[in-house]
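In terms of this note's numbering, the sequence shown opens at residue 7 and continues consecutively. By construction, the Cβ of each residue, glycine as well, lies at the ideal position given by its N, Cα and C atoms. Model, not experiment: these values are computed from the prediction. Notes to accompany the following structure.
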Amino acid sequence: MSESVSQDFKSRELPQRLLAELRSDHAGETGAVWIYRGILAVTSNVELRKFAQHHLATEEQHLALVSKQIPEQQISVFIPVWKLAGFLTGAIPAIFGDNSVYATVDAVETFVDRHYQHQIDSLRQDGSFPALRNLLEQCQADELCHRDEARAAVKSRNHALRAWCWLVGYGSAIAVKLARWR
């Protein structure tokens, strides 16, 4: 699939808006990889480690696919920040236990679903880059599975956890804006 996406890009120059979107996707997948690395660095919970390892493998695949679609000179200059932010977004809730991690993953993936859907709708509307749209749809489907799995595992959401999840969603929105910019 990624080969056909690359072929799409070879056939015409990428518009700046699409480069900005790909930059945000690359930044997001980088952050996602580091979220799961943060969880794994902190937790000793066997089930949570399995969850994080499984999701990490998927996010690493997504990052590899997205990396093939964006010229290296177009990736976000904030990549070191996204790595640190991702690591902390995984490690901090892992300190508080599995429920906090699952709620965090639910919050992140809910944001990612909306982000990808916006991009998919835009590509569908103008009919451009169908292979890229298919790639985004594939990634979105995986993210929805991650969200649903995490959501099903959340036992409760106290006020502090709700505030944390709001902060995660807000931080994700800021990160997308910064990554689109550069």
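Reducing DSSP to helix, strand and coil, say where residue i ends up.
| i | result |
| --- | --- |
| Phe117 | helix |
| Tyr122 | helix |
| Asn51 | coil |
| Gln22 | helix |
| Phe135 | coil |
| Asn164 | coil |
| Val189 | This structure cannot speak to residue 189, because the chain is shown only from 7 to 188. |
Looking only at its chain, what residues have a beta carbon closer than 6 Å to the beta carbon of residue i, apart from the 5 residues adjacent to it on each side?
| i | result |
| --- | --- |
| Trp4 | Past the edges of the chain, shown from 7 to 188, lies residue 4, and the structure says nothing about it. |
| Phe102 | none |
Select from the options the residue whose C-alpha is nearest the C-alpha of residue i.
| i | options | result |
| --- | --- | --- |
| Thr49 | Ile98, Leu20, Ala109 and Val83 | Ile98 |
| Ala63 | Ile126, Ala185 and Glu149 | Glu149 |
| Leu90 | Gln59, Asp132, Ile41 and Glu66 | Ile41 |
| Thr110 | Glu66, Ala169, Phe135 and Pro136 | Ala169 |
| Asp112 | Lys161, Lys56 and Gln67 | Lys161 |
Nearest-angstrom Cα distance between residue i and residue j?
| i | j | result |
| --- | --- | --- |
| Gly96 | Arg157 | 16 Å |
| Phe93 | Ile81 | 19 Å |
| Leu28 | Leu167 | 31 Å |
| Leu69 | Arg188 | 18 Å |
| Pro136 | Glu66 | 23 Å |
| Gly175 | Glu19 | 33 Å |
Please look up how many angstroms separate the CB atoms of residue i and residue j, rounded, as I've assumed it's under 8 Å.
| i | j | result |
| --- | --- | --- |
| Glu115 | Arg153 | 3 Å |
By Cβ distance, which residues of its chain are closer than 7 Å to residue i, with the 5 residues on each side in sequence left out?
| i | result |
| --- | --- |
| His61 | Tyr42 and His152 |
With hydrogens ignored, establish whether the beta-carbon of residue i is closer than 7 Å to any heavy atom of the ligand NAP.
| i | result |
| --- | --- |
| Ala70 | This structure simply doesn't include the ligand NAP, nor any ligand for that matter. |
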